[in-house]
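These notes concern the structure reproduced below.
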Amino acid sequence: MDLGALGLPPIFAAAGGLSVLDGPEHARLRALFVPAFAADRVAVLTPTLERIVDQLLDRVADQPLPVDLCEHLAHPLPVRVSCALLGLAPAAADRFAAATEEATRCFVRGFLERGVRVWQEMLRDLRQELQRKLAEPGPDLLTELTAGRGGSGVDTDTVLDLAARVLGAGHGTTSVQLGFGAVALLRNPEQLAVLREEPTLVPTAVEEILRFYPPVTSVGSPMRFAKVDTEVGGVRIPAGSLVLVSTHAASMCPQHFPEPETFDVRRTHNPHLAFGHGPHRCLADALARHTLRAAIDGLLRRFPKLELAIPVEDLRQTTYGVAIGFREIPVRW
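Going by the numbering used here, the first residue of the sequence shown is number 87, and it counts up by one from there.
Laid out in structure tokens, this is it:
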């Protein structure tokens, strides 16, 4: 199906935007985001991020037991953080979260026309926000994208699509990552005990969660093409061949990770590939890390007796765009 004919902006109709672009066009669009996702910019957002986490954990605490961590924390958190980054009202977070989730699932399951309609509705909402930013600029990403579009040669439709991708990207991957992180700790009580005793290890634990449970494995990784003839593991790969790379397999390599199948929150040397590598490396890695740290720290601090309400083998999984995660995570304390 010709997605461009259905009315999508060119960057979306090009089947994936930044993830499939190369060369000058990729560099030009990526440069729009680099300042916004820089580590120092994300650090400024940290107090807002921590406030969002506490607000969501207040809601978790008010629910009858057992509580679904996916519904009340993992799913809403990334979109609320993205809304704060873009400068969107907190009240819009739930609406955009529902839209990005529905659109993504439609595309994954083949309901393309329905997915396009949902995506277009979200773009219309974002267009209204963009008009508001023109009248009332603020210290946020949407204002920067709007102010910079003329000099960068990026049109309004592309700005809208880039903003929509900021909302959608973290909703799948960071939601899934947080779910896996919570389950990883709850199913490894000795590791959880280490974190409770030494909460300063939370950043190290987050890196181990990223290594052990990457949000996107080979199934959701973008397709690549071999540039030259090569050989990997005794398999000949001719130039031009389509290649699907498992970054998870690389992060489990015993040559780089001692005892790679052991989940260890004290692991210090951790050069995992959860965020990819090279020019297509995830732009929002600093934001994802800060979000995961704030959420894990909040759970440890607020719920010292947190535990799974069902056996781990009974947890069901589903797809969230290119990521695979838990459908629900019932917990109690």
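Just so it is clear, CB atoms sit at the ideal spot from N, CA and C, and this is done for glycine as well.
Spell out the partners DSSP gives residue i in its beta bridges.
i	result
A335	Looking at the DSSP assignment, A335 forms no beta bridge with any residue, so it has no partner.
P56	Lying outside 87 to 419, the shown extent of the chain, residue 56 is not represented and no answer is given.
T242	Answer by DSSP bridge pairing: none, since T242 is not bridged.
F311	L328
L386	BP columns for L386 are empty, so no partner.
I410	T405
V318	V321
Give me the Cα-Cα distance between residue i and residue j, rounded to the nearest whole angstrom.
i	j	result
L359	T333	6 Å
K391	G362	35 Å
P416	V245	38 Å
S337	L373	21 Å
I410	Q263	9 Å
R402	L394	13 Å
P300	F412	13 Å
L118	L231	7 Å
E136	A380	6 Å
K219	P357	39 Å
W419	A179	28 Å
G236	L107	Low per-residue confidence applies at G236: pLDDT is 47, beneath 50, and the placement is therefore not dependable enough to give any value.
P133	A370	18 Å
Y406	G320	34 Å
T242	D211	14 Å
G201	F182	14 Å
Which whole-angstrom value describes the C-beta separation of residue i and residue j, a residue pair presumed to lie in contact below a C-beta threshold of 8 Å?
i	j	result
P121	R127	7 Å
G258	T190	6 Å
G173	G224	5 Å
E317	E157	The pair is not a contact, with the Cβ atoms about 47 Å apart (cut-off 8 Å).
P162	L142	6 Å
Looking only at C-alpha atoms, which of the options sits nearest to residue i?
i	options	result
L271	T260, V252, A291	A291
V398	A335, P176, V269, L287	V269
V329	R353, A312, H112, P365	A312
E347	R388, V302, P324, I295	I295
R388	A125, D148, A124, F123	D148
V302	E207, H342, T404, W205	T404
R282	G384, V165, L131	G384
P340	G326, H355, L278	H355
D400	H342, L278, R273	R273
L171	A129, V351, R310	A129
L216	D247, T186, R145	D247
S327	V139, R352, A124, R310	R310
M208	D140, F298, R251	R251
P176	L212, E187, F343, I138	I138
Flag residue i as yes if its beta-carbon sits less than 9 Å from any beta-carbon of chain B, otherwise no.
i	result
L198	Going by chain labels, chain B is absent from the structure shown, which holds only one protein chain.
(message) Runs of 4 residues minimum, wholly inside the segment 350 to 407: which ones carry the alpha helix (DSSP H) assignment?
(response) For the segment 350 to 407, whole alpha helix (DSSP H) runs of length 4 or above, ordered along the chain, are 371 to 388.
(request) Starting from the N-terminal side, write out each stretch of the alpha helix (DSSP H) that is 4 residues or longer and does not extend beyond the segment 159 to 183. (result) Runs found: 162 to 172.
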